[in-house]
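>
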Amino acid sequence: MVKVVRTVDISKGLFMFCLACTVFFIFFYCGTVKGQETETPEKVVDVGSSMLSEEENNENGNNAYGFSELWSQGDFVARLTLIVLLLMSVGTWTIFFTKFLDQRRIYTHANELKSVVNASKNSSEILQSISSDRFESLRVFTSPICDSLSFAEKSNGKDIEMVHEVIHNGVQEGVSEMDMEIQKGLTFLATVGSTAPFVGLFGTVWAIYHALIGIGIAGEATLDKVAGPVGEALIMTAIGLAVAVPAVLAYNWLLRRNKSIVRIISNVSNKIVYSVPST
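Given below as structure tokens:
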């Protein structure tokens, strides 16, 4: 129970840390952008009725094409899109670091359990070894196996066929439960990796739509008037890709490590099943 609570605390701590770092980066970036001066005069970049010229932005010390302007001039939908991408990014990094720490501990314990089981001569020694708190991170795997081995101990060598079936079912349940446990969180990473680019693309389309409306209101459609707002809108697509790429990489890397863990515990399971006739 202590281990579970500790893992939950680590997850919450990592989530808050990633969120704080992301918010700090946004405010730091916005503050840096606001301190920069632009060189091209009189570019109309605001959307809707609140359109400002480049000269006005220079007087205010603002960059008309930065992320801060995208946020300040964006409507509810644009800001909501950015917030969704932000939450996706924070969730991705939180799950990655949490799963990395869990996998490292589980992988180490799985190898130790494999060595202990291989060194055991019979199911009694195996039961005594895996029931200790030493393998707490593998509890979902060892718990049903301990129950089945306890049943085998109580049978006193009677009805070996039934005992073997109970052991086999317990091992199968343990492997299945462990596989489900280590797969937690990967669905979120896969979802972020597949949807974040489209969320960013939606934000780009929405921003371009409002930029074109603003350009229409300004009454001019020259290249220097169009390039700024459209380039600003494309930031959404870049953010979507920046969120999706780490999620995909993390998903594939964690999935490969999960397969290694499942392979180890499957070998341990086979050893446990073969130990039954020696009881």
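Numbering-wise, the numbering used here comes out as the position in the sequence shown, counting from 1, plus 594.
The C-beta atom is built at its ideal place from N, Cα and C for all residues, glycine as well.
At which residues does the alpha helix (DSSP H) containing Asp773 begin and terminate?
Taken as a continuous stretch (DSSP letters only), the alpha helix (DSSP H) holding Asp773 covers 754–777.
> Report all residues from its chain with a CB closer than 7 Å to the CB of Glu767; omit the five preceding and five following residues, and keep chain order.
These residues qualify, in order along the chain: Pro738.
> Using a Cβ cut-off of 7 Å (strictly closer), state whether Ala832 contacts chain D.
No chain D appears in this structure, which consists of one protein chain only.
> Give the secondary structure of Ile859 by DSSP, where H, G and I count as helix, E and B as strand, and everything else as coil.
In this structure, Ile859 counts as helix in the three-state DSSP scheme.
> Could you tell me which of Leu680, Ser770, Ile689, Ser683 sits nearest to Trp847, measuring between CA atoms?
Residue Ile689 is the option with its Cα nearest to Trp847.
> Say whether the stretch 710–718 touches the stretch 829–843, bearing in mind that this needs 3 or more beta-carbon pairs closer than 8 Å, one atom from each stretch.
With the cut-off at 8 Å, the stretch 710–718 and the stretch 829–843 do not touch.
> Val824 and Ile802: beta carbons closer than 7 Å?
Cβ distance < 7 Å, so Val824 and Ile802 count as in contact.
> Whole angstroms are fine: how far does the CA of Ala704 sit from the CA of Ile855?
Looking at the two C-alpha atoms, the distance is approximately 7 Å.
> Which whole-angstrom value is the C-beta distance of Lys708 and Val862, which I expect to be below 8 Å?
So it is a contact: roughly 5 Å between Cβ atoms.
> Between which two residues does the alpha helix (DSSP H) holding Lys693 run?
Counting along the chain, the alpha helix (DSSP H) containing Lys693 begins and ends at 670–713.
> For the candidate residues Val760, Val734, Phe735, whose alpha-carbon lies nearest to that of Leu744?
Note that residue 744 is Ser in the sequence shown here, rather than Leu. Comparing Cα positions, the closest option is Val760.
> Quick one: Cα of Thr781 to Cα of Glu755, how far?
Computed Cα separation, rounded: 39 Å.
> Would you mind giving the Cβ-Cβ distance between Met772 and Phe796, rounded to the nearest angstrom? I have them listed as a contact below 8 Å.
Not confirmed; about 38 Å, so no contact.
> Taking the straight line between their C-alpha atoms, what separation do you get for Arg857 and Leu695?
For Arg857 and Leu695, the distance between alpha carbons rounds to 19 Å.
> Can the beta-carbon of Lys693 be found closer than 7 Å to that of Gly810?
No, the Cβ-Cβ distance between Lys693 and Gly810 is not below 7 Å.
> Figure out for me which residue from Asp741, Ser731, Gln722 has the closest Cα to the Cα of Tyr701.
Closest option to Tyr701, Cα to Cα, is Ser731.
> Which whole runs of the beta strand (DSSP E) in the stretch 785–819 are 3 residues long or more, in chain order?
Correct list: empty.
> Just the C-alpha distance for Leu806 and Tyr845, rounded to the nearest angstrom, thanks.
Approximately 38 Å, taken between the alpha carbons.
> Output the boundary residues of the alpha helix (DSSP H) element that contains Asp741.
733–749 is the extent of the alpha helix (DSSP H) around Asp741.
> Could you compute how far the alpha carbon of Val799 sits from the alpha carbon of Glu775?
Rounded to whole angstroms, Val799 to Glu775 spans 39 Å at the Cα level.
> Using the Cα positions of Gln777 and Gly813, report the straight-line distance between them to the nearest angstrom.
Those two C-alpha atoms are separated by around 55 Å.
> Helix or strand or just coil, what does DSSP make of Asn846?
In the structure shown, Asn846 sits in a helix (DSSP, three-state: H, G or I).
> Would a C-beta distance cut-off of 7 Å place Val786 and Leu679 closer than the cut-off?
For Val786 and Leu679, no; Cβs fall outside 7 Å.
> Between Ser742 and Asn763, which are expected to be in contact by the criterion C-beta below 8 Å, what is the C-beta distance as a whole number of angstroms?
Rounded, the Cβ-Cβ distance is 7 Å, consistent with contact.
> Go ahead and pull the three-state DSSP assignment for Ser725.
Coil at Ser725, not helix or strand.
> Below 6 Å CB to CB, which residues in the same chain sit around Met682 once its five sequence neighbours on both sides are set aside?
So the qualifying residues of the chain are Val786, Ala790, Val837.
> With C-beta atoms as the reference, is Gln697 less than 7 Å away from Arg850?
No, the pair does not count as a contact, with Cβ atoms beyond the cut-off.
> Identify which residue in Ile720, Ile677, Ser749 has its Cα closest to the Cα of Asn864.
If we check each option's Cα against that of Asn864, Ile720 comes out closest.
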